[in-house]
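One structure is given below, encoded as C-alpha cells.
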Amino acid sequence: MNEDEIRTYDELNIDEKGLLDVFRQMKLMSDYNRFRFYNLKVENLITKYEQLKQLREEIQGDYFLIYDELLSEELIEGELDASDWGITRDHENEVWDAELRLMSEIKANFDLAIKMIESGEADQSIIDAENNL
2 MNEDEIRTYD
12 ELNIDEKGLL
22 DVFRQMKLMS
32 DYNRFRFYNL
42 KVENLITKYE
52 QLKQLREEIQ
62 GDYFLIYDEL
72 LSEELIEGEL
82 DASDWGITRD
92 HENEVWDAEL
102 RLMSEIKANF
112 DLAIKMIESG
122 EADQSIIDAE
132 NNL
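Converting from the sequence shown to our numbering requires adding 1 to each position, the first position being numbered 1.
Structure (C-alpha cells):
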C-alpha cells in the first residue's frame, strides 16, 4: 500500500466509517470487559493484602499474650525479645506496602481506562488519532 491509498477517517465514505465505527466499538467493549475483569482481580488482591496485614497483627498480639501467660504460669522459661518481632513485622509491612502500592497504581490505571471508555473519551481519542494519520 502506498501513501496515496491512506485516507483519514474524515475522508472515508459513510459505509466505511460505519464499519470502522463498529470495529472500534467491538475493540473498546472487549477492552472494557477485560479491564473490569482484571480490575476486580486486583481489587480482590488488595483486599487480601489488607486482611493479611490485619491477621498478622492479630497473630502477633495473640503470640505475646500466650507467651506472657505461659511465663507467668511458669510453664516455660526465657525471655521474649519483642524487638525481633518488631523488625520482622516492619520488614513484612515494607514489602507488603510496596506490593500494595504497585497493585493500587495498576487499579488506578484500570479505573481511568474504564472511566474513559464509559464516558466516550477513549472512542473520541481513537477517532482523533485516526484523523491525524
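Positions of the beta carbon are idealized from the N, C-alpha and C atoms, including for glycine.
Is there contact here, the segment 92–101 with the segment 41–50, by at least three beta-carbon pairs under 8 Å? yes
Can you have a look at A123 and say buried or exposed, based on whether 16 or more other CB atoms are within 10 angstroms of its CB? buried
I107 to L21, Cα distance in whole Å? 30 Å
Kindly indicate which residue of I128, E119, G19 has the alpha-carbon position closest to the one of F36. E119
Given this structure, state the Cα-to-Cα distance separating L29 from V23, to the nearest angstrom. 10 Å
Hey, how far is the Cα of D112 from the Cα of N45? 14 Å
Pick helix, strand or coil for D32, following the three-state DSSP scheme. helix
So, is the C-beta of D112 closer than 8 Å to a C-beta in chain D? This model lacks chain D altogether, as it is built from one protein chain only.
With 16 as the cutoff for other CB atoms within 10 Å, does V43 come out buried or exposed? buried
Pick helix, strand or coil for A123, following the three-state DSSP scheme. helix
Tell whether a beta-carbon distance below 8 Å holds between W86 and K54. no
Give the single residue among I88, K18, E6, Y33 whose Cα lies nearest to the Cα of N110. Y33
Beta-carbon contacts of T9 that lie in its chain and below 8 Å, excluding the five residues immediately before and after: E131, N132, N133, L134
Any chance the CB of K54 is under 7 Å from a heavy atom of the ligand FMN? By its list of ligands, the structure shown contains no ligand whatsoever, and the ligand FMN lies outside what it can speak to.
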